[in-house]
Structures are given as C-alpha cells and as structure tokens.
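**Q** Shown below is the structure under consideration.
There are 4 protein chains.
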Amino acid sequence: MGVLQVGIIGGSGYVAGELIKLLLVHPQVQLKYVESQQALDKRLWEEHAFLYGLTELGFQAYSLEKASECQLIFVAKPHTKAMDYVADLLTQEIKVIDISADFRLRDEGSYAEWYKMKHKYPQLLKRAVYGLPELYSEQIKGSSLVANPGCYPTGAILGLAPLLADRLIDPQQIRICAYSGLSGAGRTPQAGQNLFIDVYGNLRPYKVNQHPHIPEIEQELSRLYKSAAHISFIPHLAPINKGIYSTIQLKLLQQTGLDKLLECYRKFYRRRPFIRIYNTGHYPQILNVVNTNFCDIGLSLDPEQQALTVFSAIDNTLKGAAGQAVQNMNLMFGFKESSGLPFAACLESQESVGL
Amino acid sequence: MGVLQVGIIGGSGYVAGELIKLLLVHPQVQLKYVESQQALDKRLWEEHAFLYGLTELGFQAYSLEKASECQLIFVAKPHTKAMDYVADLLTQEIKVIDISADFRLRDEGSYAEWYKMKHKYPQLLKRAVYGLPELYSEQIKGSSLVANPGCYPTGAILGLAPLLADRLIDPQQIRICAYSGLSGAGRTPQAGQNLFIDVYGNLRPYKVNQHPHIPEIEQELSRLYKSAAHISFIPHLAPINKGIYSTIQLKLLQQTGLDKLLECYRKFYRRRPFIRIYNTGHYPQILNVVNTNFCDIGLSLDPEQQALTVFSAIDNTLKGAAGQAVQNMNLMFGFKESSGLPFAACLESQESVGL
Amino acid sequence: MGVLQVGIIGGSGYVAGELIKLLLVHPQVQLKYVESQQALDKRLWEEHAFLYGLTELGFQAYSLEKASECQLIFVAKPHTKAMDYVADLLTQEIKVIDISADFRLRDEGSYAEWYKMKHKYPQLLKRAVYGLPELYSEQIKGSSLVANPGCYPTGAILGLAPLLADRLIDPQQIRICAYSGLSGAGRTPQAGQNLFIDVYGNLRPYKVNQHPHIPEIEQELSRLYKSAAHISFIPHLAPINKGIYSTIQLKLLQQTGLDKLLECYRKFYRRRPFIRIYNTGHYPQILNVVNTNFCDIGLSLDPEQQALTVFSAIDNTLKGAAGQAVQNMNLMFGFKESSGLPFAACLESQESVGL
Amino acid sequence: MGVLQVGIIGGSGYVAGELIKLLLVHPQVQLKYVESQQALDKRLWEEHAFLYGLTELGFQAYSLEKASECQLIFVAKPHTKAMDYVADLLTQEIKVIDISADFRLRDEGSYAEWYKMKHKYPQLLKRAVYGLPELYSEQIKGSSLVANPGCYPTGAILGLAPLLADRLIDPQQIRICAYSGLSGAGRTPQAGQNLFIDVYGNLRPYKVNQHPHIPEIEQELSRLYKSAAHISFIPHLAPINKGIYSTIQLKLLQQTGLDKLLECYRKFYRRRPFIRIYNTGHYPQILNVVNTNFCDIGLSLDPEQQALTVFSAIDNTLKGAAGQAVQNMNLMFGFKESSGLPFAACLESQESVGL
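If you're matching them up, the sequences are chains A, B, C and D in order.
Reading the first sequence from the start, the letters are residues 377 to 731 in the numbering used here.
Reading the second sequence from the start, the letters are residues 377 to 731 in the numbering used here.
Reading the third sequence from the start, the letters are residues 377 to 731 in the numbering used here.
Reading the fourth sequence from the start, the letters are residues 377 to 731 in the numbering used here.
Shown next, in the form of structure tokens:
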C-alpha cells in the first residue's frame with residue numbers, strides 16, 4: 377500500500393496542532409495540505425511554535441482542488457461552520473473525519489436545540505458514523521464520513537458503556553462530575569475564562585447542565601441501553617493543560633460484586649488496544665494517560681449502598697480529539713489501529729490479545 | 377477586656393503555620409506558647425519561613441505548666457495522638473480547640489471503626505462541641521472543648537445543611553465529588569503521593585469511599601435530617617495549594633424552584649458572616665475564597681430530572697482548619713465572630729444584617 | 377484625625393482589584409469612588425468576583441467633581457492615558473498616586489523614547505516624586521504627586537541600592553535575570569501570551585533588552601551611584617500568579633566579605649519595615665513574600681571570582697504595585713508606614729527598630 | 377542487523393522511567409533486563425504507573441550474568457554508587473552508558489572535591505567519553521563507556537560552545553541563570569524541598585555557586601576555549617515538571633553583529649538533528665522542547681554594551697538525560713542518530729542537511 381495523502385481544513389487551533397504532530401510521524405501517511413484562513417501564508421511553525429524545524433509546510437487557502445489531492449481530510453473548523461466544508465468535500469469522494477460537533481448528533485432536532493442552528497445537511501447526519509472505535513469499529517471501517525466524538529463524551533461513554541449494554545445500572549441516576557484541562561477551551565482568548573490568572577490555583581464549574589456534550593452522551597448511552605438514559609453532567613475547569621477526569625456516581629440495579637463488574641468491562645473491551653481497565657483498589661490518574669491515546673478506567677463499589685463509582689481518564693487532545701481521529705483514520709484505511717499513535721510498538725500485540 | 381493569652385500544641389505542621397499567621401495579627405490575642413517536639417528550640421521562622429522577621433518566638437517542649445499560662449490552647453497534633461494532650465489540658469481548666477479528628481465523632485464505636493483505635497476518653501467525646509459555628513454557635517460559646525471540623529466536612533455540611541434541615545432531598549442519594557489542594561495533605565513527604573512531580577498536571581481520586589471524613593459528614597447530616605443520611609464521598613487531589621471544591625449531586629424529594637431553594641439557604645444562614653450564597657447562574661470558585669474564611673455556595677437545578685447540584689468552595693487551611701479555629705475562639709471568648717480574620721473590617725456589618 | 381476619603385480612577389484592572397482589597401480593610405481610610413469606563417454601572421464584585429458580599433460599591437463614570445470629594449486618588453490607567461487624569465486631578469488640589477509609568481522617568485526624552493509619545497506635562501514630571509519609600513520617604517511625605525514604581529524596578533532597585541550607594545560594584549556589569557508571575561501581564565487577553573495554555577509548564581523570556589522598566593531602573597541606580605549605571609535586563613514569564621524573582625549577577629570592585637556586604641544592607645535599610653535581609657546561606661523565595669508587602673533580599677558571594685549574586689523577591693501586585701501605593705499613601709498622610717498592610721500588627725515595632 | 381539487547385541498572389527512578397518509555401518503542405532495541413533493588417520483584421508498572429499494560433517486564437536483582445545477556449547497559453544509579461556497577465560491567469565487555477555523574481569529570485581531584493569521595497576507578501575516568509554528541513560524536517561511536525552529561529551542563533554547554541570555540545566572549549564573565557523543573561530533583565522526598573506545597577507558586581535558588589554541575593560545565597567550556605573558563609552558575613527551581621531554561625549573560629570580546637553570531641552557531645551545529653537555532657527576535661521556550669530531545673537556542677544582543685544573552689531550553693529528562701542516552705546509544709551502535717526519539721521520522725533529513 378502506498379502512502380496516504382491527507383489534509384487538514386482549519387489548521388491553526390490547538391487540536392489541529394496536536395493532529396499535525398501525529399500525522400508528521402505517522403509511518404503510512406503524508407500530510408500534504410493544511411488550510412487556515414487566519415494563519416494564511418504563514419509557515420506551520422509560526423502558529424505552532426513547537427514545529428520549528430520539523431516541517432516546511434505552510435498554511436494555504438481553502439481550495440477543493442487542493443483538497444482533492446488528498447484521500448482523507450480532517451475538518452477542524454468550529455461547530456456550525458464545519459458542515460459546509462464537509463458537504464463540499466464529500467461531493468469529491470474525499471473521505472472526511474470531522475472533528476467538530478456537526479455530525480455527532482443523529483437527531484436534527486437535538487442539533488438545532490443545542491447548537492442554536494438548523495442543520496443544513498440532515499441527509500449527511502444519517503450517513504455519518506459516530507467515531508468511537510470501541511463501539512463502532514466495523515461501521516468506521518466502511519465509512520466516508522466519521523464524526524469524531526467530543527472529549528467529555530469519549531471519557532464518559534467509554535466509562536459507562538459496559539454497564540448500559542449489560543443493563544446493570546439505573547439509567548436515570550447517572551451523575552457525572554468531570555474536570556477538564558484548558559486545552560479543551562482552545563486558543564481563542566476569553567477574558568475571565570481562559571487567561572492564566574483566571575485558571576491558576578482555581579477550580580470551578582461551567583456550563584452547568586448546559587454543556588452541548590450532554591445530548592451526545594445521552595444519545596450513545598441510550599443506544600447502548602436500548603432505552604432512554606439521562607445524565608446529570610457537571611463539567612469543571614482544572615488548572616492543567618491536558619486531560620479530562622470523569623467521576624461517575626451510579627446506582628446498581630441489583631447487588632453485583634466488583635470482580636464481576638470488572639469482568640464485564642474486560643469482556644466488553646477485549647482486544648481494544650486503547651482501553652486499560654484497572655484492578656480493584658487502583659484508579660486512573662491523568663498523569664498515566666497524558667500524551668497517550670489511552671482511556672483508563674477504574675471502579676469502586678460501596679456494596680451497602682449499591683453505589684458504584686466509575687473513574688475514567690483521557691488526554692482530551694489525543695483520545696478526546698486528535699488521537700482518536702488518527703485511530704479512526706487507521707480503521708478507515710486498513711492500517712493497524714494503533715499505527716502512528718504513542719506506544720504503537722507496544723500495542724500491536726494488545727490489538728489481538730486484549731489487556 | 378484584656379488580651380487573651382493563647383498557645384499551640386503541635387506547631388510545626390502546615391495548618392499550625394496558618395494559625396500562627398492569624399494569631400500574630402489578631403487584635404485581641406497574644407500568642408505566648410508554641411510547642412513542637414520535632415522543631416524543638418528552633419525559631420518559628422526556621423520551620424515556617426514566611427514568618428522571618430515577624431516574631432521572635434521559638435518552639436518549646438510540652439509543659440502543662442507553660443500551657444497553664446494560656447487561657448486557650450489549640451491542639452494541632454495528629455489524630456489519635458491529640459486526645460492525650462486535650463485530656464491533660466482540660467484538667468487545668470484550660471479551654472481547648474482541638475484541630476485533630478479526635479473529638480469530632482460523638483459515637484465511640486464509629487471512632488474505633490474509622491481511626492482503628494479505641495477512644496481513651498469517651499466521657500470527653502460527650503462533652504466536646506462540634507465546632508461548626510454556622511450550626512452550633514450557642515454551644516460553642518459555652519464550651520471548654522471544641523472539636524474543630526475536618527476540611528471536607530466543613531464544605532460538604534455547609535453545602536447541604538439547609539436541604540437536610542428542611543427535608544428537601546433524598547438522604548440516600550447524596551453524591552459528593554470533592555477536589556482538594558495539597559495543603560490538606562500536610563508537610564510529611566509520601567513518595568508517589570504529595571511530591572510536586574506526583575501532583576503537577578495530575579488529577580486523581582484517593583481513599584475512595586474510605587476517607588475518615590465520611591462518618592463526620594454523615595453524623596452531622598443525620599442530625600440535621602433527624603434520621604440517617606448516607607453519602608457517597610469521592611475525594612480527589614487537584615494540583616493547587618489551597619482550596620476544596622465540592623460538587624454535590626442530589627435528588628429533590630419534590631419539585632421545588634431554584635428561587636425557593638436559594639431563599640431557604642439565605643434564611644438558614646442569616647447573619648452568618650462567612651457564608652456567601654450565589655445568585656442563580658453564578659457559582660463559587662476557589663479563587664474567590666482562597667486566603668479567606670468564606671464558604672461560598674451556589675446551586676443549579678435541572679427541573680426535569682429534579683436533579684439539584686450544590687457547589688461549595690472553601691480554603692481548606694482557613695474555613696477548613698485554622699480560620700474556623702479562630703472563628704470558634706472568637707465565639708468562645710466573646711469577640712466579634714470575624715475578629716482577626718480576613719476582611720474583618722468589612723464583615724462586622726454582615727454579622728448583624730446577613731448577606 | 378478623621379477618616380481619609382480616597383478614590384480610584386481605573387478600577388477594573390488586576391492591580392486595582394488588589395488595591396480595593398487593601399483599601400476596604402485599611403483602618404484609616406474610606407474608599408468612596410471607583411471609576412471605570414469599561415465596567416461602568418457594574419458593582420465592584422461583578423468585575424472582581426472575590427469582593428462578593430464585601431462592598432456595595434459600584435463603578436462610576438469619571439467626574440472631577442466626584443473625585444474632588446476625595447483627598448487622594450489612585451490613578452490606575454494604562455501608560456500614556458494616565459497623565460491626563462493626573463493633570464486634571466492636580467488642578468483641584470487632590471493628591472495623586474499614579475500607578476502607571478507616566479511620571480516615573482524624570483527625563484522627558486527618555487519617556488518619549490521608551491513610551492513612544494511626547495510627554496504632555498513635562499512640568500509635572502519635575503514635580504513628581506518617585507514613590508520608592510525606602511529611598512524617598514521624606515520627599516513622599518510632602519508630595520502631592522507620587523509616581524508609584526514599576527514592579528521589576530522595585531525588586532531590582534531595592535536589591536541593588538546599598539551596593540551602588542556605597543560604590544561596591546562595577547556599574548557596567550549588572551546582569552539582571554528576572555522572572556515574573558502572570559498578574560503582571562494584566563487582564564487583557566493576548567493570544568499566544570497570557571492564556572493558561574501559553575504559560576502552563578512554560579518558561580520564556582520576553583521584551584529582551586526592550587522592557588520599558590530598563591530606563592526606570594537605570595535612572596535610580598545612576599542617582600544612587602552618582603554616575604551612569606547600565607544594566608542588562610532579561611525579563612521572563614514564570615507559570616505562577618504573583619511574584620517577581622530577580623537574580624542579579626555582579627562584579628565587586630574590590631574584595632569584600634559577605635558579612636560586610638550584609639552589614640551594608642542592614643544599615644542602608646535600618647528601620648524600613650518591609651525589607652527583610654537574609655542571613656548567609658539563606659535565600660528569598662516567592663512563597664515567603666506572596667500576599668505581603670515585603671521585599672526579601674539575600675546575597676551569595678563567590679570570593680575567587682569577586683562575583684556577587686543578589687536575590688530579591690516581591691509580590692508584584694503588592695510591594696510591586698498596590699501595596700507600595702498604600703505604603704506611599706501612609707507616608708503622605710502621616711499614618712504608620714505599615715498601616716492596613718499585611719502583618720501591620722507585627723511590623724509596627726520594626727518601624728522603629730529595624731530587622 | 378539484529379535487535380540490540382539492552383538493560384538498565386537502577387530502574388526505579390524518574391529518569392529510568394523516561395528511559396524505559398523510549399526503549400520500549402525503539403525500533404532496533406529490545407529491553408531485556410531492568411534491575412532495581414528497592415522495587416525488586418515488582419512489575420515495572422507498579423513503580424512507573426504510566427506503563428500499565430505496556431510491558432510485562434518486572435524488576436530483577438543485580439546479576440552480572442543477567443546483564444551479560446545484554447550488549448549495552450544503562451546505569452542509572454546515584455552518584456558515587458554507580459561506579460562499581462560500571463567497573464563490574466566493563467569486565468564483561470558490556471558497553472555502558474552511565475547516567476550518573478561518576479565518569480563525567482576527567483580530573484580525579486575535581487571529582488573528589490565536588491563529590492566528597494575519592495574516585496575508585498581513575499583509569500576508567502580516562503577511558504570514559506563525555507557523551508555530548510554535538511561535541512564528541514566520533515569518540516562516542518567508538519566508546520565502550522559513555523558518561524551521559526548532566527542536565528544543566530547539556531543546556532549550558534550547547535548554548536555556549538560556538539562562542540568559546542570561536543573565542544568570541546570573555547571567558548571570565550559567563551553568568552548563567554538557570555531554572556529547572558522538578559523532575560530533575562528525582563523521586564526521593566525531601567521535606568521543604570520537593571513536595572508540591574514547597575514548589576507550587578514558588579521560585580527560588582538552590583545550591584548557589586555550589587552545584588556539582590559547575591566543574592562539569594567549566595571542564596567542557598575550558599576545553600572548547602583551550603584555556604580556563606569560569607562561570608557563575610545560579611540554579612533555581614521553577615514550578616514545572618520538565619524543562620531547564622538557561623539564560624546566559626555574556627560580554628563579547630569585540631563588536632560582533634547578531635547575524636554573524638547566529639551564522640557561527642548554525643555552522644557549528646550543522647547537521648546536528650537536535651539543535652534548533654532561533655532567528656533574530658525569536659527565543660526558545662520550554663513548551664517547544666518538552667517531550668522532545670531538542671536543545672533550542674536563541675540570542676539577543678545589546679550592541680551598545682557588547683552584552684550578549686544566550687537562551688537555551690531543553691527537556692531535562694530527555695536531552696538532559698534519557699533522550700541523550702538513547703542518542704548516545706544510537707551513535708555507539710550505528711543506528712540513525714534520532715532513531716527511537718520523538719519526531720525521528722521528521723529528523724532523518726536534518727541529519728544530513730542541518731537546520
């Protein structure tokens with residue numbers, strides 16, 4: 377197989393920087409084209425300083441012709457803006473991984489409610505595959521439009537999926553308390569929000585019960601449960617750069633031992649290279665997943681109360697965004713699932729045997 | 377009224393340093409005596425470097441005679457060690473504020489279960505007043521032994537008290553997700569736990585469902601509810617120095633509007649100078665309480681699910697420890713409740729009118 | 377003496393917030409008037425959230441009449457904008473402490489060169505007193521216009537003054553390597569500069585040999601030396617909120633022992649309450665000065681090379697800005713020099729005996 | 377060429393963790409043997425939690441027989457302890473890269489002075505090659521004992537080498553102000569030093585003019601200058617995990633333009649894949665080198681004073697330790713110099729053409 381030519385539409389954001397970093401070292405890929413209106417004509421390193429000396433590529437204007445030289449385009453434009461690019465690219469038979477939220481919700485009503493805009497391409501919504509490889513690897517392999525999941529949904533859904541699939545918990549009592557690092561807030565300054573002095577030494581919630589990742593999480597949990605699941609979702613900002621830590625407090629529907637619960641997780645995620653299930657008494661922490669594509673999961677049970685707590689940790693810029701996009705690309709083009717991702721050399725065996 | 381002579385038993389820890397800082401500037405107090413075995417004969421600033429030039433006091437050996445020159449002693453010894461000092465001091469009619477956990481639990485069985493030691497002074501347990509001034513100010517005024525509350529319990533109980541007193545929530549579905557800064561972990565090194573490299577950039581839980589603050593919280597919530605309340609309590613470490621942020625997810629027993637809930641809080645905490653209730657859409661954050669004795673509280677309601685979320689923020693070293701100890705001292709000796717505490721000059725009016 | 381009525385022109389910035397915090401608790405002062413165009417009609421706490429519940433004051437429009445009800449106005453407007461307010465206020469016999477850089481340089485040519493604007497009030501430049509109380513306390517007492525020093529100059533000049541006054545070092549070989557926390561960069565977002573993700577985990581220089589604090593430092597060092605002194609000044613950003621750490625590497629003109637050098641510092645700063653000189657082998661650190669008005673100073677000598685290193689540490693928002701402004705106010709109005717500043721109760725003795 | 381079998385003696389420290397991470401993914405290497413006395417019989421991930429699921433290797437006891445199965449051993453024992461292991465291994469014709477300081481100083485007198493111990497293997501000192509590939513690549517290729525440089529020396533020597541080789545600066549006026557992250561302080565707790573609460577929000581110097589990296593830097597600078605060079609070296613701790621930032625203030629011996637100086641650097645480092653020279657007006661920052669093996673270098677000139685400032689930035693755990701060790705291994709065994717290091721795929725071209 378020859379080298380895959382890929383491009384990025386919207387190359388100046390934080391996640392795009394992480395994606396470029398991965399693509400430049402991916403053994404089966406060549407990064408050909410990086411579009412950015414706001415960084416037009418700059419070299420990549422002028423916007424992503426860590427790239428100095430690593431590539432001579434520069435930012436270019438949007439051009440469908442240019443994009444057509446690529447077999448795959450990553451769209452990293454803001455929500456509500458991304459859909460036009462996606463629709464345009466699909467007309468040329470270019471495969472697309474959309475990192476925005478524009479194609480994650482299957483229901484156009486829900487999209488309109490949460491993103492305050494009527495979706496312009498409802499037929500594409502139906503065609504899009506939700507790009508969480510641990511749930512949809514087969515569909516991703518055959519897809520030309522993959523909607524890369526949100527960062528919070530990745531941590532929350534992966535933490536909950538086995539419990540809902542096996543109907544072990546009360547789907548009306550899912551309490552998610554999540555803390556995210558600031559890379560999730562992007563590079564656009566917002567006074568009082570993402571300045572260093574706003575965040576340093578601080579902890580605080582935001583978008584309480586109003587975060588647009590709520591419908592995305594509920595959509596996937598409900599599909600797994602095969603009936604409506606509801607969450608209470610409280611996102612917070614933590615003074616770290618990368619990482620999302622989700623603490624999910626649940627009610628078991630019936631008495632179940634921790635060993636059995638862990639077994640259920642291990643079975644559900646068998647042969648999934650990026651899921652690590654922790655043994656009893658051990659818990660995920662951000663330092664174990666930062667700069668990796670892992671989603672680490674741990675459980676704690678209070679048997680008297682039938683209260684189960686699930687912990688999940690991801691790097692929001694990798695498993696929560698750019699890393700997952702590369703994982704999706706690997707599936708779409710028949711590469712090893714971990715190809716080009718951190719620790720790929722160690723993970724190839726996992727892909728066949730599981731953790 | 378003359379100046380109150382006070383002393384500290386156990387003066388080398390982190391909280392003791394904060395307490396010394398407060399006592400040195402308190403207008404009605406003179407710090408006479410600071411005991412420390414491990415820092416014996418050092419000057420205070422050799423252990424608490426920020427005190428350089430502020431006091432010539434040094435650490436002294438334990439002596440009941442020395443202590444007897446004080447009208448009040450703060451005991452800041454580790455749990456299970458503190459009780460002997462307390463018992464000893466009380467024999468001399470010296471009033472005591474115990475910052476350890478030794479006199480917080482009213483039930484000796486519970487103490488034995490959580491602190492792995494039979495309590496040696498069960499009769500003193502009965503005599504001790506739980507030093508949360510927002511609940512027990514009258515008892516504190518007349519007490520000779522005040523058990524200063526734990527840091528997590530302060531944030532959690534203050535966040536929940538009005539709801540339990542008015543029986544508005546399900547007392548079996550109290551999900552507390554709390555993050556603490558590292559000052560709560562003290563100054564004793566623990567490899568893999570409280571080194572800078574263990575914490576920086578990290579988020580992680582610890583003592584999941586096993587933290588000894590659990591029985592303390594449940595004791596007070598049950599008293600308020602007048603029936604057993606149970607919590608799920610998940611403490612985490614956040615890479616900050618000072619502060620505890622508690623996110624408490626709850627189920628309302630019946631449909632209740634946010635305005636009415638806020639009104640219930642404002643009424644419960646009327647004329648309490650250190651409680652600040654946030655208006656709808658505003659939430660506490662650590663930066664607003666750090667280096668103060670405030671407990672800031674905010675609410676969010678998801679009416680469809682009858683899901684209520686309470687947020688509380690404190691500085692664990694002040695309202696969660698040394699500041700609360702000073703507040704208790706103020707009550708015990710008839711000073712203004714905010715005397716010697718940050719923003720005292722602004723708070724005196726609050727003490728009569730409330731926020 | 378009655379209570380002093382004071383006001384602030386430019387009340388929405390970071391330093392203004394710190395100043396408000398100090399003024400609200402100052403025992404001899406009443407904050408009457410806070411101007412801000414950009415926060416007009418908001419309450420103070422809507423801009424400085426930590427003030428919630430502490431004051432009912434709101435931001436008002438600029439009005440010379442309003443200002444005239446105050447005996448002292450702090451001007452906290454940006455450089456080049458502040459001078460008009462200052463000139464206006466002085467016409468009404470209102471005393472002014474200007475926190476901007478507009479009246480710090482005595483030489484209008486130098487002002488024009490570094491601030492890219494011809495100074496509009498050269499006669500006021502002459503009248504202004506440079507508000508570094510450790511050098512100019514007598515002049516400050518009689519002044520109606522005090523130019524509050526810059527943050528870096530405060531740390532650097534205080535660290536160097538005794539050496540230049542006693543002509544102990546080569547004034548052409550002064551190498552200053554300084555690191556500042558982000559509060560010095562203010563609350564105006566600058567993409568790539570002061571966002572959390574730009575700063576976290578990072579160290580980097582900025583305005584290398586181009587920082588406008590250079591002429592201010594050289595002006596004062598030259599006055600002390602009574603001949604031209606030159607500095608190499610390299611400012612950096614450190615991922616902390618508050619604090620400036622200056623490491624100053626010097627060449628002694630002749631062999632001098634460390635004890636003698638320390639003695640020289642202690643003599644120069646006798647009875648100055650906010651200077652703490654460290655003993656041999658001890659060095660300042662940010663944690664010892666943060667949230668105080670201290671400037672801590674330490675020395676290290678490499679006798680073989682006649683190389684002297686001076687370390688100074690301040691809280692840039694206090695001794696480097698708002699605290700020093702209050703110290704200046706205290707001198708101007710005959711209060712105790714430490715009145716209303718952190719640890720005032722401990723410092724009153726220092727004011728007469730020295731550290 | 378077959379796969380190279382390598383081992384580590386002293387596998388539980390922080391740097392060893394980074395080294396394991398690199399070796400596990402190196403395409404030409406197999407990690408066979410990891411010794412640790414203190415972690416004996418644990419799995420690697422029990423000590424380095426981020427390795428969970430990546431390797432089944434465990435820590436083993438020291439055994440020369442075991443070590444002999446490897447062609448190369450990395451010794452990561454503490455200074456003064458490492459030398460015995462090194463001597464032992466060399467008897468078996470096993471090549472050694474020693475990460476301790478035991479073989480860095482060529483002069484035994486200097487070793488005795490700075491490490492307070494007479495060196496036991498002076499003949500090996502002579503045999504050892506100082507493992508800074510940018511200066512000694514040829515010698516490293518043929519060596520069986522490479523002394524991996526210290527972290528500060530790597531940043532300082534690389535920042536200064538071209539200037540000393542070309543005799544452009546005064547070798548008696550080299551003022552180094554360096555800040556290091558805490559990973560350099562290792563994983564052994566030291567109360568008051570490397571706890572989170574000691575470091576967070578803090579900046580402070582340590583081992584002022586006493587750091588054992590001083591003789592190492594002076595040794596290499598003197599060799600480059602072909603005559604004695606002296607430094608003033610002031611190390612500080614910064615509240616970051618990884619990175620060393622060196623700000624080096626210098627006196628040019630004669631007027632030289634910045635362009636010419638940059639040209640001199642570019643020529644000196646031609647075809648060195650891990651050196652990045654910044655253009656005029658741009659400066660290194662930690663965020664650009666963290667998690668890479670780069671040493672980034674920038675210059676600023678104050679022509680009036682003939683004052684030159686050099687900035688260098690490295691990741692102390694990679695270019696300052698484990699990464700440089702892998703780079704040395706690559707040279708010793710004929711692999712591409714960047715093999716197995718971050719961005720290897722981008723750097724192969726650099727190895728032939730230079731930046």
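Beta carbons are placed, not taken as given, at the ideal position from N, Cα and C, and that holds for glycine.
1) In the structure shown, what three-state DSSP assignment does E411/B receive?
2) Using the three-state DSSP reduction, which class does K602/D fall into: helix, strand or coil?
3) Per the contact definition of three or more C-beta pairs closer than 8 angstroms, is the segment 593–602 of chain B in contact with the segment 454–463 of chain D?
4) Apart from the five residues on each side of it in sequence, which residues of its chain come closer than 8 angstroms, Cβ to Cβ, to H658/B?
5) Does the beta carbon of C671/A come closer than 7 angstroms to any beta carbon on chain D?
6) State the DSSP-derived secondary structure class of S728/D, mapped to helix, strand or coil.
7) Roughly how many whole angstroms lie between the Cα atoms of I550/B and P588/B?
8) At what residues does the alpha helix (DSSP H) containing Q681/C begin and finish?
9) Can you name, in chain order, every residue of its own chain whose Cβ lies under 6 angstroms from the Cβ of G383/C, other than the five neighbours on each side?
10) Could you compute how far the alpha carbon of Q499/A sits from the alpha carbon of A463/A?
11) Could you tell me the distance, in whole angstroms, from the CA atom of S559/B to the CA atom of G429/D?
12) What's the C-alpha gap between F719/B and N617/C?
13) By the three-class DSSP mapping on this structure, what secondary structure does V451/B have?
14) Do the segment 637–649 of chain A and the segment 603–611 of chain A make contact, defined as three or more Cβ pairs closer than 8 angstroms?
15) Rank Y654/A, L626/A and N585/A by C-alpha distance to the C-alpha of S676/B and give the top, closest one.
16) Output, in sequence order along the chain, the residues in the segment 595–625 of chain D whose CB is closer than 8 angstroms to any CB in chain B.
17) Just the C-alpha distance for K712/B and L723/B, rounded to the nearest angstrom, thanks.
18) Along the segment 419–434 of chain D, what residues have a CB closer than 8 angstroms to any CB found in chain A?
19) Name, in chain order, the residues that DSSP records as bridge partners for Q436/A.
20) Check the Cβ-Cβ distances between N692/A and every residue of chain D, and say whether any is below 7 angstroms.
21) Using a Cβ-Cβ cut-off of 7 angstroms, state whether A721/B counts as contacting chain C.
22) Using CA coordinates, which residue listed in D478/C, A683/C, A721/C and N692/C is at the minimum distance from P529/C?
23) Spell out a yes or no on whether the segment 508–523 of chain C and the segment 559–574 of chain C are touching, meaning 3 or more CB-CB pairs, one atom from each, closer than 8 angstroms.
24) Within this structure, are the beta carbons of A689/D and Y621/D separated by less than 7 angstroms?
25) Could you name the residues of chain C that S559/A contacts, counting a contact when the two beta carbons are closer than 7 angstroms?
26) So is S519/D buried or exposed if we call it buried at 16+ other beta carbons inside 10 Å?
27) Buried or exposed for N706/D, please, with buried defined as at least 16 other CB atoms from any protein chain shown within 10 angstroms of its CB.
28) Tell me which residues share the same chain as V379/A and place their Cβ nearer than 8 angstroms to its Cβ, disregarding the 5 neighbours each side in the sequence.
29) Give the list of continuous alpha helix (DSSP H) stretches no shorter than 4 residues that lie fully inside the segment 454–478 of chain A.
30) Quick check: what's the CA-CA separation for T623/D versus C671/A?
31) Assign V391/B to one of three DSSP states: helix, strand, or coil.
32) Would you kindly work out how many angstroms separate the C-alpha atoms of G387/D and N669/D, rounded to a whole number?
33) Mind listing the chain A neighbours of G577/B? Cutoff is C-beta to C-beta under 9 angstroms, in chain order.
34) Buried or exposed for N655/A, going by 16 or more other Cβ atoms inside 10 Å?
35) Which of the three DSSP states, helix, strand or coil, is assigned to T623/A?
36) Please compile the residues from chain B whose C-beta is within a distance smaller than 7 angstroms of the C-beta of A732/A.
**A** Let me lay it out:
1) strand
2) coil
3) no
4) G674
5) no
6) Any reading at S728/D must be qualified, since the residue scores a pLDDT of 43, below 50, and its modelled position is unreliable; no value is offered.
7) 17 angstroms
8) That residue, Q681/C, is in no alpha helix (DSSP H); it is neither H nor E in DSSP.
9) K408, Y409, A443, C446 and I449
10) 10 angstroms
11) 33 angstroms
12) 21 angstroms
13) strand
14) no
15) N585/A
16) P615, I616 and N617
17) 10 angstroms
18) A425, F426, Y428, G429, L430 and T431
19) E411/A
20) no
21) yes
22) N692/C
23) no
24) yes
25) I573
26) buried
27) buried
28) Q404, V405 and Q406
29) 458–466
30) 39 angstroms
31) helix
32) 21 angstroms
33) G557, I616, N617, K618, G619, I662, L663 and V666
34) exposed
35) strand
36) In the structure as shown, chain A begins at 377 and stops at 731. Residue 732/A is therefore absent and cannot be evaluated.
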